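Everything below concerns the one structure shown next.
Number of protein chains: 2
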Amino acid sequence: MSTRAGIVITGTEVLTGRVRDRNGPWLSDRLREMGIDLAHITICGDRPQDMEAQLSFLRDQGVGLVITSGGLGPTADDLTLEVVARFAGRPLELDKALERRIADILEPLMKRWENLDLQAVRAANRKQALVPAGATVIEPAGTAPGMVVPPSDGAGPTIVVLPGPPRELHAMWDQATATEAFRAAIRGATGYSQAMLRLFGIPESEIAVTLREAESRLTGFGRLEITTCLRRGEVELVARHEPGAAQTWEELRAFIAERHAGTLFSTDGSTVDLQVAELLAGRTVAAAESCTGGLMAARLTEPPGASAYVAGGAVAYANEAKVALLGVTPELIEAHGAVSAQVAEAMAAGALERFDADVAIAITGVAGPDGGTEDKPVGSVCWCAMDAGGATLARELRMPGDRAEIRDRSTTVGMHLLRRLLRGEGPPA
Amino acid sequence: MSTRAGIVITGTEVLTGRVRDRNGPWLSDRLREMGIDLAHITICGDRPQDMEAQLSFLRDQGVGLVITSGGLGPTADDLTLEVVARFAGRPLELDKALERRIADILEPLMKRWENLDLQAVRAANRKQALVPAGATVIEPAGTAPGMVVPPSDGAGPTIVVLPGPPRELHAMWDQATATEAFRAAIRGATGYSQAMLRLFGIPESEIAVTLREAESRLTGFGRLEITTCLRRGEVELVARHEPGAAQTWEELRAFIAERHAGTLFSTDGSTVDLQVAELLAGRTVAAAESCTGGLMAARLTEPPGASAYVAGGAVAYANEAKVALLGVTPELIEAHGAVSAQVAEAMAAGALERFDADVAIAITGVAGPDGGTEDKPVGSVCWCAMDAGGATLARELRMPGDRAEIRDRSTTVGMHLLRRLLRGEGPPA
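Protein chains in written order, with this note's numbering: chain A, 1266 to 1694; chain B, 1266 to 1694.
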């Protein structure tokens, strides 16, 4: 049987949506890799009674491991350790050696700020050096230490207390999982496997019918835990299973690959971004964008090492910029409109030339909410991918969604056109 | 007394972090506007027993209103209505009129796909027309209807069931809140007020000391619920209070404004992005970027109506692009390196000229993880904001964080330089 886990994200700024939680998803991945079954993520504000209620809920659900994130900062609203100590029945004690180590970390950091109130720094320092009796300290990656807090009575969950800033949480994770208390909490975890398929250019309902058909054909189908979802314009299918069901998963994968050959583009978890990056090896790419306003270039330059293959991009938002930067002629814009297949093609050709690139992707469209016309309503977008040999792949669609969705999904279509062009394939279905 | 609410986000894709939840934050804002106190957000996968446990938890916490998001799709893993109907003690019944309305919505949508399996579409249609007895239907904005489900025994929470896609959820919200069942659930909510201050260029610990001092000086300080957090390189301070504490909040605001005059830039909730957009009225801006790879242009073009003031941007990732697009001389790059104050200044001047813009922001840096040197380690970034009159504001910093954080926060610094330049102010503290 697998250990069930829960994640508690604290912070009024997260509960009220001012700050996006990035730790839940990250911790979720780590737990899965260890074969730990994540059952619940809960989010509460900086109110001790609400956090305590969530911890009690997780204990009542039989959760053996709880990871908390946030609430370890220097301000008075940071209450996590106080709550966890009380919940676990382990009083807080000042760890003087830890207090000194934190002071050593703070000293150089504080030089950056002029006229700093050192008294404030010292008070914060002391608060962060309080440790629940019997807990294992995880050395800080920023200024806040983490803790692994075992249940005081042998029952109840082991609680791993980590700071909110993702970089610190990531850096401290390995140390946390190496503690004796953590190993004891996850004893007996079975290794679940997870596999993912990604498809582009297909509605989710088509996958649903394929799955229903597979259910009636494949023995052991019920041992696969399958979820599908739409994400940034792609359909993702994820199957989670115990080692014994690996054969059934292989059969399902083959069944889907056969039925959806034209739209299934990833069977190994790779994203289209990664595939494009690999296909570009030795070649350079440039972007020419209007409605996406830099998002296509930003997406191409997101992976580490992108400088090896990204030449650059032109954000030709105004028509004048399309002319000056990309050599699109005013006559062409006049004749067809800035959002047209012709202008997209001219932008791609211009980007190839200006950046001396091997392949280019151009996007022009109406992201809205204003600027739509009867002929070119909001969501009308034209793409053109072109290589230096003159091969092109063009597309023209009316995208659903609001301004942010149209901009974001337009980069997904751009990525898929690049992928197909680089693979020498025809236009998508 | 305020009605307490909970939000339940369902979907294995959200629990496992493959899809980011955007509904929790949005719903949180809406509830606050209505004076409803959000206590908990919980996230579960597509497992009915986990969702049911979360609903029971919220009921046990005295929550009077629960909003669920997701799990209304056509696939078999979409289980929300089944769980909610059982929890509320209201059996599911097929609503034939609703089934026809959904069919009418689906028909034109399905024309987009060739060779579609219509049987799959019809099966999905029927599933989405099942309604818990006594619930109020919310007409679909996509294909899935929502529901407002009152407790069958008069106790327990009223449950508002909404679809996962944010655009649909947004479009259906007003209809949901107008139902009699919803109004009954929130009767008695008191209007909390919330105000926000934003500061840039100050550590969080300095705000903590200011708050401690305010606590000892201002009567009624305890009636303010104050949280602070770091977000994209800025410090946000949020105060939530009942109407009677408005005067205390005004006093605190004045106290902070006096102590932090140089770093407090927003007292009305406005973001630096919005302020820059307003300051640009009648002027045009261009971006010249290296390490941010298009993110600065994307951020400038994010607000609706950005085409009125954004001329465009040059993503000069390769040195050749800095030369070809922005007129930076190879000699300058050779002499000072691509990441230098001199090259940033030349990029800004080049952007002003190429885009014929009134103001430009240039960013060049080492986002990592590779490419750092002893002299210019990862995180070294140079900015230059320049206007057509020749006024400049430059900055050179070593940014903490990983590649994504360095890229993102570099755009925040860029925004603040633009803001100060447009206001005719000097460099930030």
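Note that the Cβ used here is the ideal one computed from N, Cα and C, for glycine as well. Remember, it's a predicted structure, so these values are computed and weren't measured experimentally.
Assuming B/Ala1504 contacts B/Ile1491 under a Cβ cut-off of 8 Å, what Cβ separation, rounded to an integer in Å, is found between them? Your numbering for residue 1504 of chain B matches position 239 in the second sequence. Your numbering for residue 1491 of chain B matches position 226 in the second sequence. About 5 Å separates the two Cβ atoms, so the contact holds.
Buried or exposed, going by whether 16 or more other CB atoms sit within 10 Å of the CB of A/Leu1545? Residue mapping note: residue 1545 of chain A aligns to position 280 of the first sequence, counting from 1. Buried, since its Cβ has 16 or more Cβ neighbours within 10 Å.
When you compare the CB of B/Cys1309 with every CB in chain A, is at least one pair closer than 8 Å? Position 44 of the second sequence, counting from 1, holds the residue named residue 1309 of chain B. With 8 Å as the cut-off, B/Cys1309 counts as an interface residue toward chain A.
Integer Cβ distance of A/Arg1663 from A/Thr1557, believed to fall under 8 Å: Stepping through the first sequence from its first residue, residue 1663 of chain A is reached at position 398. Stepping through the first sequence from its first residue, residue 1557 of chain A is reached at position 292. In fact, because the Cβ distance is near 16 Å, the residues do not count as touching under 8 Å.
Which residues in the same chain have their Cβ closer than 8 Å to the Cβ of B/Gly1666, if we skip the five residues on either side of it in sequence? Counting from 1 along the second sequence, the entry for residue 1666 of chain B is found at position 401. Excluding residues within five positions, the ones whose Cβ falls inside 8 Å are Gly1644 and Arg1674.
Which two residues bound the contiguous alpha helix (DSSP H) that contains A/Met1316? To locate residue 1316 of chain A, count along the first sequence from 1; it is residue 51. Per DSSP, A/Met1316 belongs to the alpha helix (DSSP H) from Pro1313 to Asp1325.
Counting only C-beta atoms, is B/Trp1648 closer than 8 Å to chain A at any point? Your numbering for residue 1648 of chain B matches position 383 in the second sequence. In terms of beta-carbon proximity, B/Trp1648 stays away from the interface with chain A, with every pair separated by 8 Å or more.
So who's on the other strand from A/Cys1494, going by DSSP bridges? Working through the first sequence from its first residue, we reach residue 1494 of chain A at position 229. A/Cys1494 is bridged to A/Glu1501.
In the structure shown, what three-state DSSP assignment does A/Ser1555 receive? As a first step, residue 1555 of chain A must be located in the first sequence, where it is residue number 290. A/Ser1555 falls in the coil class under three-state DSSP.
Collapsed DSSP secondary structure at A/Gln1459 in the structure displayed: As a position in the first sequence, residue 1459 of chain A is number 194, starting the count at 1. Residue state, collapsed to three classes: strand.
Residue environment, A/Leu1590, which counts as buried when at least 16 other CB atoms sit within 10 Å: Indexing the first sequence from 1 puts residue 1590 of chain A at position 325. So A/Leu1590 counts as buried.
Could you tell me the distance, in whole angstroms, from the CA atom of A/Ala1441 to the CA atom of A/Gly1485? Taking the first residue of the first sequence as 1, we reach residue 1441 of chain A at position 176. Taking the first residue of the first sequence as 1, we reach residue 1485 of chain A at position 220. Computed Cα separation, rounded: 37 Å.
Compute the Euclidean distance between the alpha carbons of B/Lys1587 and A/Thr1281, then round it to the nearest angstrom. By 1-based counting over the second sequence, the position of residue 1587 of chain B is 322. By 1-based counting over the first sequence, the position of residue 1281 of chain A is 16. Distance from the CA of B/Lys1587 to the CA of A/Thr1281, rounded to the nearest whole angstrom, comes to 42 Å.
Could you tell me which of B/Ser1417, B/Val1426 and B/Gly1421 sits nearest to B/Pro1410, measuring between CA atoms? The residue given as residue 1410 of chain B occupies position 145 in the second sequence. Checking every option, the nearest Cα to that of B/Pro1410 belongs to B/Val1426.
Distance between A/Gly1421 and A/Arg1295 (C-alpha atoms, nearest Å): If you number the first sequence from 1, residue 1295 of chain A lands on position 30. If you number the first sequence from 1, residue 1421 of chain A lands on position 156. Each residue's alpha carbon lies about 22 Å from the other.
Residue range of the unbroken alpha helix (DSSP H) whose run includes B/Ala1606: Taking the first residue of the second sequence as 1, we reach residue 1606 of chain B at position 341. For B/Ala1606, the enclosing alpha helix (DSSP H) begins and ends at Ala1606 to Arg1619.
Buried or exposed for A/Leu1359, going by 16 or more other Cβ atoms inside 10 Å? The residue given as residue 1359 of chain A occupies position 94 in the first sequence. Its Cβ having fewer than 16 others within 10 Å, A/Leu1359 is exposed.
For A/Thr1549, I'd like the list of residues in its chain whose CB is within less than 6 Å of its CB, leaving aside the five on either flank, ordered along the chain. Along the first sequence, read from residue 1 onward, the residue named residue 1549 of chain A stands at position 284. Correct list, in chain order: Tyr1574, Ala1576, Ala1622 and Asp1623.
Can you tell me which of A/Val1604, A/Trp1438, A/Pro1415 and A/Trp1291 puts its alpha carbon nearest to the alpha carbon of A/Arg1406? As a position in the first sequence, residue 1406 of chain A is number 141, starting the count at 1. Residue identity differs from the one stated: residue 1406 of chain A is Ala in this sequence, not Arg. A/Ala1406 has its Cα closest to that of A/Trp1438, out of A/Val1604, A/Trp1438, A/Pro1415 and A/Trp1291.
Counting only beta-carbon separations shorter than 8 Å, does B/Glu1404 have a partner in chain A? Within the second sequence, residue 1404 of chain B is the residue found at index 139, counting from 1. For B/Glu1404, the answer is no, since every Cβ of chain A falls outside 8 Å of its Cβ.
A/Ala1562 vs B/Gly1559 beta-carbon contact at 8 Å: As a first step, residue 1562 of chain A must be located in the first sequence, where it is residue number 297. As a first step, residue 1559 of chain B must be located in the second sequence, where it is residue number 294. In this structure, B/Gly1559 lies closer than 8 Å to A/Ala1562 by Cβ.
Compare the C-beta of B/Arg1548 against all C-beta atoms of chain A and say whether one is closer than 8 Å. Along the second sequence, one-based indexing puts residue 1548 of chain B at 283. Not one chain A Cβ lies under 8 Å of B/Arg1548.
Could you have a look at A/Met1266 and say whether DSSP puts it in helix, strand or coil? Numbered from its first residue, the first sequence carries residue 1266 of chain A at position 1. Note on A/Met1266: pLDDT 44, under 50, position unreliable in the model; no value is reported.
Relative to chain B, which residues along the segment 1336-1348 of chain A have a C-beta separation below 8 Å, given in chain order? Gly1338, Pro1339, Thr1340, Ala1341 and Asp1342
Beta carbon of B/Leu1330, beta carbon of B/Ile1308: below 8 Å? By one-based count along the second sequence, residue 1330 of chain B stands at place 65. By one-based count along the second sequence, residue 1308 of chain B stands at place 43. The answer is no: Cβ separation not under 8 Å.
Just to confirm my understanding: we take A/Leu1315, look at its own chain, exclude 5 residues before and 5 after, and list those with CB closer than 6 Å. What are they? In the first sequence, counting from the first residue as 1, residue 1315 of chain A sits at position 50. Contrary to the premise, residue 1315 of chain A reads as Asp rather than Leu in this sequence. For A/Asp1315, where only same-chain residues beyond five positions count, the Cβ hits under 6 Å are Cys1309.
Does the beta carbon of B/Gly1282 sit closer than 8 Å to a beta carbon anywhere in chain A? Your numbering for residue 1282 of chain B matches position 17 in the second sequence. For B/Gly1282, the answer is yes, since a Cβ of chain A falls inside 8 Å of its Cβ.
Can you name the residues of chain A whose CB is closer than 7 Å to the CB of B/Arg1324? If you number the second sequence from 1, residue 1324 of chain B lands on position 59. Here the premise fails: no neighbours, minimum Cβ distance about 11 Å.
At a Cβ threshold of 8 Å, is A/Val1604 touching chain B? Within the first sequence, residue 1604 of chain A is the residue found at index 339, counting from 1. Not an interface residue.
List the endpoints of the continuous alpha helix (DSSP H) containing A/Glu1515. Counting from 1 along the first sequence, the entry for residue 1515 of chain A is found at position 250. Element bounds for A/Glu1515: Ala1511 to Arg1524.
With 16 as the cutoff for other CB atoms within 10 Å, does A/Ser1481 come out buried or exposed? In the first sequence, the residue the question calls residue 1481 of chain A occupies position 216. With fewer than 16 Cβ atoms within 10 Å of its Cβ, A/Ser1481 is classed as exposed.
Is it true that the CB of A/Val1593 sits closer than 8 Å to the CB of A/Ala1613? As a first step, residue 1613 of chain A must be located in the first sequence, where it is residue number 348. As a first step, residue 1593 of chain A must be located in the first sequence, where it is residue number 328. No, they are not a contact pair.
For a quick check, are the C-beta atoms of B/Ala1632 and B/Trp1648 less than 8 Å apart? Counted from its first residue, the second sequence places residue 1632 of chain B at position 367. Counted from its first residue, the second sequence places residue 1648 of chain B at position 383. Their beta carbons are not under 8 Å apart, which means B/Ala1632 does not touch B/Trp1648 by this criterion.
Measuring CA to CA, which of B/Ala1389, B/Phe1530 and B/Gln1459 is closest to B/Glu1372? Numbered from its first residue, the second sequence carries residue 1372 of chain B at position 107. Out of B/Ala1389, B/Phe1530 and B/Gln1459, B/Ala1389 has the C-alpha closest to the C-alpha of B/Glu1372.
Close beta carbons around A/Val1402, own chain, < 8 Å, minus the five adjacent residues each side: By one-based count along the first sequence, residue 1402 of chain A stands at place 137. Here the set comprises Asp1360, Leu1363, Val1396, Pro1410, Gly1411 and Met1412.
Please identify the residue among B/Ala1353, B/Arg1452, B/Arg1685 and B/His1601 whose C-alpha is closest to the C-alpha of B/Ala1398. Position 133 of the second sequence, counting from 1, holds the residue named residue 1398 of chain B. It is B/Ala1353 whose Cα lies nearest to the Cα of B/Ala1398.
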